[in-house]
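First the structure, in the form of structure tokens, and then the observations on it.
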Amino acid sequence: MPSPELQAARDAAQAAADVIRGLYQRNLAVRTKTDQTPVTEADVRSEEVIREILVTRFPSFGFYGEETGQHDVGAESVWLVDPIDGTKSFVRECPFFSTQIALMRAGRFVLGVSSAPVYGELAWAEAGTGAYLNGEAIRVSTHAQLGASFISTGNLKTLARSAQWTKLGELIGRVGRIRGYGDFVHYHLLARGALEAVIESDVNILDIAALSVIVREAGGTFTDLEGRELTLDTTSVLASNGRLHPQILSALT
């Protein structure tokens with residue numbers, strides 16, 4: 001049986017999915033926020049239904065939402081929510097967007113739900129209970145050879161302006177395959193063993209908190225590109241099947 005927190009997160013994701021499906025491909029008006037990212041009616045309404053469920057069931061928990069901001073984030077337990085991670089894809093009618101719901105307790109991410117209603121995938125995990133995709137238990141791959149590995153990249157603008165760009169190029173020449181699935185997609189693939197690592201920069205913690213729990217509970221490793229544990233300020237990712245993490249981290253640092 002799922003914990004009350006996991007059940008609430010899954011129920012909230014389902015409620016958001018109902019809103020999102022009803023508004024997808026409806027040519028919604030798009031406005032630009034102060035951080036220059038787009039927002040639509042679907043973003044706002046889906047976060048509203050998520051927040052209503054989570055705050056009603058756990059009124060003492062803090063809430064950090066992409067659209068409604070930070071509320072009581074100093075609480076012992078805090079929900080982190082991105083109602084539509086991939087709004088640009090949503091607007092362009094590409095199915096590569098998702099709802100991300102995570103729970104942080106005492107500074108540690110302990111629960112994650114990643115819902116991609118149009119793509120057709122729902123992943124979840126809770127610390128100590130394993131990771132699941134569409135109801136089936138999932139595990140990362142056991143590949144340990146860099147030359148046979150599949151690596152996916154995303155959001156590389158910051159990396160392209162840094163000294164690590166050359167190192168990434170050298171790394172790419174050593175791996176088996178390089179892809180750029182992006183967004184939730186490559187983390188789901190990693191967690192179910194279809195690729196070995198994900199490299200990203202220019203991310204927000206709301207984009208990756210839930211996915212970090214899923215990857216770790218599937219047996220993987222999830223840090224930033226310097227090998228550090230995630231915090232609310234994390235902006236880059238190296239996620240892997242664990243076996244290849246030291247090799248890739250060494251190649252990039």
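Going by our numbering, the first residue of the sequence shown is number 1, and it counts up by one from there. Don't be surprised by glycine CBs; every beta carbon is placed ideally from N, CA and C.
Residue range of the unbroken alpha helix (DSSP H) whose run includes residue i
i	result
Gly-169	164 to 172
Tyr-187	183 to 191
Thr-158	157 to 160
Gln-7	4 to 23
Gln-247	245 to 252
Val-215	205 to 217
Beta-carbon proximity check, residue i vs residue j, cutoff 8 Å
i	j	result
Val-140	Ala-218	yes
Gln-164	Leu-252	yes
His-188	Leu-133	yes
Gly-62	Ser-46	no
Ser-240	Ile-248	yes
Ile-151	Ala-197	yes
Ile-214	Ala-125	yes
Pro-38	Thr-99	no
Asp-43	Glu-5	no
Gly-242	Gly-220	yes
Asp-183	Ser-89	yes
Ile-50	Ala-12	yes
Phe-58	Val-185	no
Thr-34	Val-91	no
Ile-199	Leu-238	yes
Cβ distance (whole Å) where residue i is taken to contact residue j below 8 Å
i	j	result
Arg-10	Val-81	Their Cβ separation, rounded to whole angstroms, is 13 Å, which puts Arg-10 and Val-81 out of contact at 8 Å.
Leu-230	Asp-224	7 Å
Val-175	Gly-147	7 Å
Leu-318	Ala-8	The first residue shown for the chain is 1 and the last is 253, placing residue 318 beyond what the model contains.
Thr-153	Ile-178	7 Å
Residues sharing a beta bridge with residue i, DSSP
i	result
Met-104	Val-78 and Phe-109
Asp-85	Ser-98
Pro-38	Thr-32
His-143	Looking at the DSSP assignment, His-143 forms no beta bridge with any residue, so it has no partner.
Tyr-64	Gln-70 and Leu-80
Ser-115	Thr-99 and Leu-122
Arg-177	Phe-150
Separation of residue j from residue i, as counted between CA atoms
i	j	result
Asp-202	Ala-29	25 Å
Leu-23	Ala-127	33 Å
Ala-131	Leu-122	11 Å
Arg-105	Arg-26	38 Å
Leu-206	Leu-171	28 Å
Glu-93	Arg-21	11 Å
Ala-144	Tyr-181	21 Å
Ala-212	Gly-169	Correcting the residue type first, residue 212 is Ser in the shown sequence and not Ala. Rounded to whole angstroms, Ser-212 to Gly-169 spans 25 Å at the Cα level.
Leu-195	Thr-142	10 Å
Gly-135	Gly-65	26 Å
Gly-120	Ile-84	15 Å
Pro-246	Ser-149	14 Å
Residue interval of the beta strand (DSSP E) (run including residue i)
i	result
Thr-221	221 to 223
Gly-154	150 to 154
Glu-200	197 to 200
Val-237	237 to 240
Leu-133	131 to 133
Glu-136	136 to 138
Chain C within 8 Å of residue i, Cβ atoms only
i	result
Ile-208	Of the protein chains in this structure there is only one, and it is not chain C.
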